[in-house]
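Below: the structure, in structure tokens.
Right, here's the structure in full:
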């Protein structure tokens, strides 16, 4: 299979595998992952997907692959190796970053280079690359240290209160619950049924680098389900599948944690026509391309989406032209809009293997369309809109603009589209609608994304106007997050927010087969979400 997009620079993103042991991948292209060529002649003949199967998240990779920049010697596999005489300076620098994460954004280029070198991370590229490398290190390594501290506190039932992501307090009863949960999982996991990854047998005349053809792939019947006996599975599950453990400050009795491995429905039959949509706030496409770990191409092959919607690309027009020129057969339809009022800010895109009937950019209102926040494509039976709703910002400076101007304008725009066809709205809508959608509701009453004003506006301008929250309708009482802050191990402890949505017109809500979250995919502070919809 040919790559849809081939970047010169090394491209990859981290994926926390759903296996009991975390593994890593690497590849040569970013958007190549995000935009791979349609696989197989069947997919080219039919514009929409013919397989809705939730791809197994168990992925086989070379165990010796290492994360570049996080290891000092070739023999190191999981931890940073530091020379004995450098331990003090290394520890001091780590402690400084842990105590004041905000200092990173104020560093000059020379300071960033010096800091990166002191913690054994390559210091090359422009300032944004250096910032990305340092923040990635902090997220992946400092959170690990936080996790170790947390585990010690859980096991000892310490009376001390660890730092919380918002309120900076963690109740003692939470530690008791965590300890109980650990013991329960350990006892229940002596014999665990785990589905192993299906082996792919690739037959191809081409000698290519990881480009299996969908039409020529065969699934081995050797690997189906395996009963695994292990005393360590429960601990690994907690470490690598943190989203499977309910994390909420005020959980209700009937709430449970979202687990895509067990909560996604069976695949649709082969003769059912449907479309598979994926949406992801990548928090800077350039930064994503610099990350080492999971292959972007692997993500595209795993999910096999028809359309990919991106938010917060932070690109400029000159960048998108280069991307468009490199798109090949399969996903040659791509539509990008960028901020012109503030360069390198916001930005949205739609990449599709289906050619749309028409494309629109923005709301058609100049006051709202200078930040590249909306792209609309028209297909035969529905409109697809990807949006990046303005954040109310620090100090809620844009709250009034958001709830009195932007939200009503978006609502009117969607209702106008709906006069001719049903509408699917997806993207980062920057609002945790209900208390179940945020880890710490009480501590965020005046935080952007969870103010009463924003939640009421979300209800008034979208849900009350006939648009259905597909994930919540499919999963009532399920706690599933799509965004985690970088500070204080938000993702490590699953202390997140659900800010990303697929909303659909009421008239097509019953056509939704699966609305899901992919919490294992890292590389951004958001994770992708998906929608499988019958046509």
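Residue numbers (our numbering): 61 to 595.
For every residue, glycine included, the Cβ atom is placed at its ideal position computed from N, Cα and C.
CB of residue i within 7 Å of CB of residue j, strictly
i           : j           : result
residue 374 : residue 393 : no
residue 350 : residue 170 : no
residue 538 : residue 485 : no
residue 530 : residue 592 : no
residue 432 : residue 471 : no
residue 447 : residue 434 : yes
residue 567 : residue 534 : no
residue 492 : residue 557 : yes
residue 599 : residue 478 : In the structure as shown, the chain begins at 61 and stops at 595. Residue 599 is therefore absent and cannot be evaluated.
residue 371 : residue 509 : no
residue 500 : residue 309 : yes
residue 540 : residue 577 : yes
residue 579 : residue 396 : no
residue 588 : residue 582 : no
residue 595 : residue 441 : yes
residue 423 : residue 469 : yes
residue 443 : residue 413 : no
residue 517 : residue 467 : yes
Cα-Cα separation, residue i to residue j
i           : j           : result
residue 560 : residue 546 : 17 Å
residue 167 : residue 336 : 42 Å
residue 213 : residue 548 : Residue confidence is low: residue 213 scores 41 on pLDDT, short of 50, so the model does not pin down where it sits. Its coordinate-derived value is still stated next. Each residue's Cα considered, the two are about 15 Å apart.
residue 420 : residue 483 : 14 Å
residue 584 : residue 176 : 20 Å
residue 307 : residue 553 : 7 Å
residue 570 : residue 162 : 45 Å
residue 311 : residue 496 : 8 Å
residue 315 : residue 563 : 22 Å
residue 401 : residue 313 : 47 Å
residue 327 : residue 377 : 39 Å
residue 463 : residue 367 : 29 Å
residue 590 : residue 152 : 42 Å
residue 182 : residue 542 : 30 Å
residue 439 : residue 520 : 27 Å
residue 369 : residue 449 : 14 Å
residue 430 : residue 405 : 11 Å
residue 362 : residue 320 : 14 Å
residue 532 : residue 526 : 14 Å
residue 457 : residue 507 : 11 Å
residue 179 : residue 502 : 37 Å
residue 357 : residue 332 : 26 Å
Range covered by the alpha helix (DSSP H) that runs through residue i
i           : result
residue 169 : 169–178
residue 383 : 377–385
residue 520 : 512–521
residue 562 : First-last for residue 562: 560–565, but that is the beta strand (DSSP E), not the alpha helix (DSSP H).
residue 196 : 187–197
residue 347 : 345–350
residue 322 : 320–323
residue 468 : 467–478
Per DSSP, cross-strand counterpart(s) of residue i
i           : result
residue 420 : 436
residue 339 : 369 and 589
residue 374 : In the DSSP output, where bridge partners are listed per residue, residue 374 has none listed.
residue 448 : 488
residue 334 : 594
residue 599 : Lying before the first or after the last residue shown, residue 599 is absent from the chain, which here runs from 61 to 595.
residue 393 : 412
residue 443 : 438 and 483
residue 317 : 539
residue 498 : 557
residue 544 : 556
Residue span of the beta strand (DSSP E) that contains residue i, given as start and end
i           : result
residue 574 : 572–577
Near the ligand HEM: residue i beta-carbon under 6 Å from a heavy atom
i           : result
residue 195 : The model on display carries no ligand, and the ligand HEM is accordingly not part of it.
Meets three-Cβ-pair contact criterion under 8 Å: the region 366–384 and the region 397–410: yes
- prompt: Can you find at least 3 beta carbon pairs, one from the region 328–348 and one from the region 182–197, that sit closer than 8 Å?
  reply: yes
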